[in-house]
Amino acid sequence: MAVEMHSSDQSAARAGWRLRDNRDWLGALFMLPAAAILLVFLAYPLGLGFWLGLTDAKIGEAGHFIGWGNFVSLAHDAVFWLVVFNTTFYTVVASVVKFALGLYLALLLNERLPFKSLLRAFVLLPFVVPTVLSAIAFWWIYDSQFSIISWVLIRLGLIHRYIDFLGEPWNARWAVIAANIWRGIPFVAITLLAGLQTISPSLYEAATLDGVTAWQRFRHITLPLLTPIIAVVMTFSVLLTFTDFQLIYTITGGGPINATHLMATLSFQRAITGGYLGEGAAIADAMVPFLLAAILFSYFGLQRRRWQQGSAD
Numbered sequence: 006m007a008v009e010m011h012s013s014d015q016s017a018a019r020a021g022w023r024l025r026d027n028r029d030w031l032g033a034l035f036m037l038p039a040a041a042i043l044l045v046f047l048a049y050p051l052g053l054g055f056w057l058g059l060t061d062a063k064i065g066e067a068g069h070f071i072g073w074g075n076f077v078s079l080a081h082d083a084v085f086w087l088v089v090f091n092t093t094f095y096t097v098v099a100s101v102v103k104f105a106l107g108l109y110l111a112l113l114l115n116e117r118l119p120f121k122s123l124l125r126a127f128v129l130l131p132f133v134v135p136t137v138l139s140a141i142a143f144w145w146i147y148d149s150q151f152s153i154i155s156w157v158l159i160r161l162g163l164i165h166r167y168i169d170f171l172g173e174p175w176n177a178r179w180a181v182i183a184a185n186i187w188r189g190i191p192f193v194a195i196t197l198l199a200g201l202q203t204i205s206p207s208l209y210e211a212a213t214l215d216g217v218t219a220w221q222r223f224r225h226i227t228l229p230l231l232t233p234i235i236a237v238v239m240t241f242s243v244l245l246t247f248t249d250f251q252l253i254y255t256i257t258g259g260g261p262i263n264a265t266h267l268m269a270t271l272s273f274q275r276a277i278t279g280g281y282l283g284e285g286a287a288i289a290d291a292m293v294p295f296l297l298a299a300i301l302f303s304y305f306g307l308q309r310r311r312w313q314q315g316s317a318d
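Quick note: to get my numbering, add 5 to the position in the sequence shown (first position is 1).
Below you can see the structure in the form of structure tokens.
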């Protein structure tokens, strides 16, 4: 009997050692804390938000299950569709301009320039400054009575009265887009700069010896090798722009006449300010397909890395 117990103890010990030596199990064990954090702070709020979107819950009231009632109501809501247009326009224009200017800055900072480290630090400043502080600064810049932009243009004789940046719908749209671009360019530029510095200089040297022009070097060397980084940068840029809240809420609050409301700010207004939690949650849920599309864009963009490395699959 004692021999059998001793044998079973040895088998259990060997199984334990095999389990500890198995990298898959060990990796899963180390991932448990991160998985728990994601479950508590990401999965649970997402699930709760989806459930609230299926109810008529209000602040202070649990509400009842109404199925797709909130989504059907939003489908007939003119303000909601205006906000969808605002969000799409804001995201597309801001993301494209941020990428173009960020790539130009990255290429510039990748060259041999005097005080290059100092220039990189200056480029990072807009991203380091707190968003609300940046928004308040832009709010003063766009002020209808004290705008520095209008003051300079009047002194130059280009305009004759102060521009109402935040009082006209299209002026307000372009104003908040400009603020978002100013804040987002450093992230794009520094990330792309990191990607540029991973490209071997020998590739450019060989191309130069072959008489390749600067545009051809960019087109056939820089751009293909930078594609995986571009996919990641553009995905994060689109996600951060699409879900922007602080900048809009501080500068315009969604006005004038809902011209700058994004889906994130409208969701907050309906759920918290208005008290209709179910409707606000439904608007937030409607953002998920757009965010999933951005993630899929990143995934398929990263698959090009295999092709660049010569892999057949």
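The beta-carbon is built from N, C-alpha and C at its ideal position, and this holds for glycine as well.
- Pairing L228 with A111 gives a Cβ-Cβ distance that is not under 7 Å.
- Each of I186, L87 and E66 was checked against the Cα of A105, and the nearest Cα belongs to I186.
- For N91, the uninterrupted alpha helix (DSSP H) run begins and ends at A83 to L114, by DSSP.
- Assigned with DSSP and collapsed to three states, F70 falls in strand.
- Nearest Cα to G72 within the set H81, L57, A83 and G65: L57.
- For Q150, the CB contacts under 8 Å within the same chain, skipping 5 residues up- and downstream, are Y167 in chain order.
- Excluding the 5 residues flanking it on each side, R188 has same chain C-beta neighbours closer than 6 Å at P131 and S139, in chain order.
- Rounded to whole angstroms, F305 and V97 show a C-alpha spacing of 19 Å.
- Taking C-beta atoms under 8 Å as the contact rule, A289 and G54 qualify, at a distance of about 6 Å.
- With respect to I256, W175 sits apart: the two C-beta atoms are not nearer than 7 Å.
- If you draw a 10 Å sphere on the C-beta of P191, you find 16 or more other C-beta atoms in it, and that means buried.
- DSSP places T248 outside both helix and strand once states are collapsed to three, so it counts as coil.
- Taken in chain order, the whole alpha helix (DSSP H) runs of length 4 or more contained in the stretch 213-283 are 219-222, 228-247, 251-256 and 268-273.
- Closest by C-alpha distance to F90, out of L37, F46, S78 and R178, is R178.
- Here T92 has L267 and M268 as same chain residues with Cβ atoms under 6 Å from its own Cβ, once five neighbours each way along the sequence are excluded.
- The beta carbon of A276 lies closer than 6 Å to those of L282 and G285 in the same chain, with the five residues before and after it left out.
- For V238, the number of other beta carbons within 10 angstroms of its own is at least 16, and it is reported as buried.
- Between F70 and the set T60, S78, G259 and P38, the nearest pair of CA atoms involves T60.
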